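Number of protein chains: 2
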Amino acid sequence: MCSTPAHRGDCCKRSNCQVNVFRCGDNPIIKPNDIKPSRDDFEVIGVFNPGVARFSKEVILLLRVAERPIQRDPNVVRVAFHDAASDAIVTKDIAKNIEADFSDPRLIVTPNATLLTSISHLKPARSEDGVHFRIEQDAALAAANEYESFGIEDARISLIDGTYYIDYVAVSPYGVSTALASTKDFRTFERHGVIFCPENKDVVLFPEKIHGRYYALHRPVSSLFSKHDIWISESPDLLCWGNHRRLMGRRDNSWDEAKIGASAVPFRTKAGWVEIYHGADRNNRYCLGAVLLDADQPWKVIARADQPILAPETDYECDGFFSNVVFSCGLILDQEKLNVYYGVADTSIAYAQITLDATMASLGL
Amino acid sequence: MCSTPAHRGDCCKRSNCQVNVFRCGDNPIIKPNDIKPSRDDFEVIGVFNPGVARFSKEVILLLRVAERPIQRDPNVVRVAFHDAASDAIVTKDIAKNIEADFSDPRLIVTPNATLLTSISHLKPARSEDGVHFRIEQDAALAAANEYESFGIEDARISLIDGTYYIDYVAVSPYGVSTALASTKDFRTFERHGVIFCPENKDVVLFPEKIHGRYYALHRPVSSLFSKHDIWISESPDLLCWGNHRRLMGRRDNSWDEAKIGASAVPFRTKAGWVEIYHGADRNNRYCLGAVLLDADQPWKVIARADQPILAPETDYECDGFFSNVVFSCGLILDQEKLNVYYGVADTSIAYAQITLDATMASLGL
Chain A
1 MCSTPAHRGD CCKRSNCQVN VFRCGDNPII KPNDIKPSRD DFEVIGVFNP
51 GVARFSKEVI LLLRVAERPI QRDPNVVRVA FHDAASDAIV TKDIAKNIEA
101 DFSDPRLIVT PNATLLTSIS HLKPARSEDG VHFRIEQDAA LAAANEYESF
151 GIEDARISLI DGTYYIDYVA VSPYGVSTAL ASTKDFRTFE RHGVIFCPEN
201 KDVVLFPEKI HGRYYALHRP VSSLFSKHDI WISESPDLLC WGNHRRLMGR
251 RDNSWDEAKI GASAVPFRTK AGWVEIYHGA DRNNRYCLGA VLLDADQPWK
301 VIARADQPIL APETDYECDG FFSNVVFSCG LILDQEKLNV YYGVADTSIA
351 YAQITLDATM ASLGL
Chain B
1001 MCSTPAHRGD CCKRSNCQVN VFRCGDNPII KPNDIKPSRD DFEVIGVFNP
1051 GVARFSKEVI LLLRVAERPI QRDPNVVRVA FHDAASDAIV TKDIAKNIEA
1101 DFSDPRLIVT PNATLLTSIS HLKPARSEDG VHFRIEQDAA LAAANEYESF
1151 GIEDARISLI DGTYYIDYVA VSPYGVSTAL ASTKDFRTFE RHGVIFCPEN
1201 KDVVLFPEKI HGRYYALHRP VSSLFSKHDI WISESPDLLC WGNHRRLMGR
1251 RDNSWDEAKI GASAVPFRTK AGWVEIYHGA DRNNRYCLGA VLLDADQPWK
1301 VIARADQPIL APETDYECDG FFSNVVFSCG LILDQEKLNV YYGVADTSIA
1351 YAQITLDATM ASLGL
């Protein structure tokens, strides 16, 4: 689908990637400067981690747009959040001299509360060639209730029986949960509430029923045991989920040694379901890799790649708001290629092509 | 139901309880010495937090029996866990001189793993008078799979359409989750898998459908926001749960200022659903208090008691393995009285009667 000149990434040489990656020559294809802030006193600090769908003849991305108030007073950090009572975005100033942890650029941790330094919403972008996107002015979905007061993030889009189901991370003082919405036209959207309660994110819905049941991958957090594993669950209706089973965990001394989570919506191959997931190492370096799940019993892991298929190597992947991150929420399988859209350094969006053959080879197939 | 001489608890005088509590004169009614260990090299260190049901003419408790290996070597802590591969309880010695945190008597936190100092199973006890219990030799349910390797804890029993549904906490290195089992006779039990994924406990199932849907209270944990709130969810089948909504949180400078969680199965009154929940303060003092939920829309809180209805005051409540704890997993409503069975100090089981009138009065009704 991409006719733009591509260059071959360096990752194969530098990190023992077994997969050829062809990054788009126009990368990053969408940057913060491409996005108009939602109000004059805000600035866009990131556009990343888009949900991906093919709709009619277009590729649609649901961009995660992260904004913050323009910082005018050097003595405070101004943060923004959605107030459910007034259904409005409001701002608050946090004095820099208070006892708070500002070390993670995404968070402000005070003794009484944890706040986010930005607030995200989901904005559609459309393209016919998969590279050049028209970005809409209005948000598709933005913070709208008490579960979303710190914003909504990281959409995954699954086309199931003619309806596009969009799950997204809902962040609020109540915790990090995952909510569901749906659309048939990417013009109007229906909300379906919280489908995975805190603390849970990185939810991907399988695009078809398996033996009469819907399936999802998700990433619950166990604080007591410091676990960030991928689980798989089933549902009769996409709204209620059960039979939760742990699918796979991190691996010591590997690219996914610290945290893992599902990334793209899984796709079916002759060998089984391929899931492109993300893993982070002890240095918070996020890569993408492949795992193969049984076609009929997707709670069974058949193969898991020793090496990532995409690792942060280029400048735009290595430097940004949160550096050394490639993080995908979706791809389009097209003519035996994975067209991967991915956030880079929590700042911009890049696009790369990876052949299905190379992906399967990374799984030893 | 209790004909044993009771004494009036001190809690009303000492902690502003607005409710009269009549503790059983035989308290604690079940103690660790009453339980035979499951093997000769183990000792029972606690029997507490029982699930409660009325079955035929009997009161049945599903005791949480906490055991540990008898400690013979002063240089090590011997722990026990279930090994799913061999389907057997195995032991492991942890050297006391390693870098580990032994400060919480329930846990051993090493740099690489968190372990429990005891392993629990669920054992039936039966009584005709509600005070004197015959304790069965065999467990009703014990650790049996990879989600239960550190034991199963804190059963809640809901009688729904003629079947007793037992949810219980399943603990393993994968996290703290909640699983479901069922029985019609308390002789044979059927397992139904994990219904709430980590980290989630304190699950109670409402005993009837409301407008065609099952409801549950639960207590997910958000590590990022340090939240331990009670949520309410709905289900078409008791197995899959969704439409997760946050019901209520802790209250500053109150008996429930630090953590809360559902305790007993809620019961219906003319005023709405009464839930007896537990709350802990900053000193880990656990009390029981009442909250009233709307009869038709149980996600709406109508009233919440300012004061607990039961607080640790007696010696057996104030001194034990984990002191200053009263913690109930069930009660029987009988002739306008709440017959509350509750764990004391994570050590033994006590029994108290509280009038429904007094409970409603604590809610301002």
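Going down the list, the sequences are from chains A and B.
The first sequence begins at 1 in my numbering and counts up by one.
The second sequence begins at 1001 in my numbering and counts up by one.
Where is the CB? At the ideal position from N, CA and C, for every residue including glycine.
In this text, all values refer to a predicted model and were calculated from it rather than measured experimentally.
Problem - For aspartate 1101 of chain B: DSSP bridge partner residues - result: B:Val1109
Handout entry: CB contact check: histidine 1244 of chain B to chain A, cutoff 8 Å
Key = yes
Exercise for the section: Taking proline 175 of chain A as the query, report the chain B residues whose CB atoms sit under 9 Å from its CB, ordered along the chain. Expected result: Here the sequence assigns glycine to residue 175 of chain A, which means proline is not the residue at that position. By Cβ distance, chain B contributes Pro1220, Val1221, Ser1222, Ser1223, Leu1224, Phe1225, Lys1227, Asp1229, Arg1246.
Problem - Neighbour flag for glutamate 199 of chain A against chain B, beta carbons, 8 Å - result: yes
Exercise for the section: Return no unless some Cβ of chain B is closer than 8 Å to the Cβ of glycine 193 of chain A. Expected result: yes
Problem - Sequence-distant residues of its chain with Cβ nearer than 8 Å to aspartate 1357 of chain B (five each side left out) - result: Glu1336
Handout entry: Span separating the alpha-carbon of glycine 175 of chain A from that of proline 50 of chain A
Key = 22 Å
Problem - proline 1069 of chain B, DSSP secondary structure in three states - result: strand
Exercise for the section: Compute the minimum distance between the beta carbon of tyrosine 214 of chain A and the heavy atoms of the ligand HEM, and state whether it is under 7 Å. Expected result: Ligands in the displayed structure: none, and consequently the ligand HEM is not present.
Exercise for the section: Measuring alpha carbon to alpha carbon, tell me which of A:Trp299, A:Asn243, A:Asn283, A:Arg106 ends up nearest glycine 249 of chain A. Expected result: A:Trp299
Handout entry: Pairwise C-alpha distance: lysine 1227 of chain B and glycine 1320 of chain B
Key = 27 Å
Exercise for the section: Tell me whether glycine 1330 of chain B is buried or exposed, calling it buried when 16 or more other Cβ atoms sit within 10 Å of its Cβ. Expected result: buried
Handout entry: Extent of the continuous alpha helix (DSSP H) to which threonine 359 of chain A belongs
Key = 356-362
Problem - Buried or exposed (CB count within 10 angstroms, at least 16 for buried), serine 348 of chain A - result: buried
Problem - Cross-chain neighbours of leucine 367 of chain A in chain B, by beta carbon under 9 Å - result: An answer regarding residue 367 of chain A cannot be provided, because it is not within the stretch 1 to 365 covered by chain A.
Practice task
Under 8 Å by Cβ, that's how I've got tryptophan 1241 of chain B and cysteine 318 of chain A pegged, so tell me the actual separation to the nearest angstrom.
Solution key: Tryptophan 1241 of chain B to cysteine 318 of chain A, Cβ: 41 Å. No contact.
Exercise for the section: Flag this pair as touching only if the region 29-44 of chain A and the region 58-65 of chain A have three or more C-beta atom pairs under 8 Å; answer yes or no. Expected result: yes
Handout entry: Euclidean distance between Cα positions of serine 1258 of chain B and asparagine 243 of chain A
Key = According to the sequence as given, residue 1258 of chain B is alanine; it is not serine. Rounded to the nearest angstrom, the two C-alpha atoms are 31 Å apart.
Problem - Runs of beta strand (DSSP E) wholly within the region 299-363 of chain A (minimum 3 residues, chain order) - result: 301-304, 326-334, 337-344, 348-355
Exercise for the section: Look at the alpha carbon of proline 1207 of chain B and the alpha carbon of leucine 1293 of chain B, and state the distance between them as a whole number of angstroms. Expected result: 14 Å
Problem - Separation of serine 328 of chain A from arginine 187 of chain A, as counted between CA atoms - result: 23 Å
Exercise for the section: Quick one: grab the DSSP three-state call for asparagine 1253 of chain B. Expected result: coil
Problem - Same chain, Cβ closer than 6 Å to histidine 1278 of chain B, neighbours up to 5 away in sequence not counted - result: Gly1261, Ser1263, Tyr1286, Leu1288, Phe1327
Practice task
Report the residue from A:His218, A:Ser222, A:Ser223 whose alpha carbon sits nearest the alpha carbon of glutamate 234 of chain A.
Solution key: A:His218
Practice task
Could you give the DSSP three-state label for asparagine 1033 of chain B: helix, strand or coil?
Solution key: helix
Practice task
Would you kindly work out how many angstroms separate the C-alpha atoms of serine 1130 of chain B and alanine 1216 of chain B, rounded to a whole number?
Solution key: Sequence check: residue 1130 of chain B is glycine here, not serine. Whole-angstrom Cα-Cα distance: 27 Å.
Problem - Those residues which DSSP pairs with isoleucine 1160 of chain B across a bridge - result: B:Thr1163
Exercise for the section: Report the rounded CA-to-CA distance for valine 1077 of chain B versus alanine 1181 of chain B, giving the unit in angstroms. Expected result: 32 Å
Handout entry: Expected contact under 8 Å - CB spacing of valine 204 of chain A and serine 177 of chain A to nearest Å
Key = Between serine 177 of chain A and valine 204 of chain A the Cβ distance is about 15 Å, and since that is not below 8 Å, they are no contact.
Problem - Limits of the unbroken beta strand (DSSP E) element including histidine 132 of chain A - result: From DSSP, histidine 132 of chain A is part of no beta strand (DSSP E); its letter is neither H nor E.
Handout entry: arginine 1251 of chain B to threonine 1183 of chain B span [Cα, whole Å]
Key = 37 Å
Exercise for the section: Report, in whole angstroms, the separation of the C-beta atoms of isoleucine 1332 of chain B and valine 1059 of chain B, which I expect to be a contact under 8 Å. Expected result: 6 Å
Handout entry: Alpha-carbon to alpha-carbon, valine 1265 of chain B and tyrosine 1364 of chain B
Key = Sequence inspection shows glycine at residue 1364 of chain B; the tyrosine mentioned does not correspond to that position. Straight-line Cα distance between these residues: approximately 21 Å.
Exercise for the section: Report yes if the C-beta distance between isoleucine 160 of chain A and aspartate 296 of chain A is below 8 Å; otherwise report no. Expected result: no
Exercise for the section: Report the rounded CA-to-CA distance for cysteine 24 of chain A versus threonine 314 of chain A, giving the unit in angstroms. Expected result: 12 Å
Exercise for the section: Look up aspartate 1010 of chain B in the DSSP assignment and say whether it is helix, strand or coil. Expected result: At aspartate 1010 of chain B the pLDDT is 40, less than 50, meaning the model places this residue with poor confidence; the figure from the coordinates comes in the next sentence. Coil at aspartate 1010 of chain B, not helix or strand.
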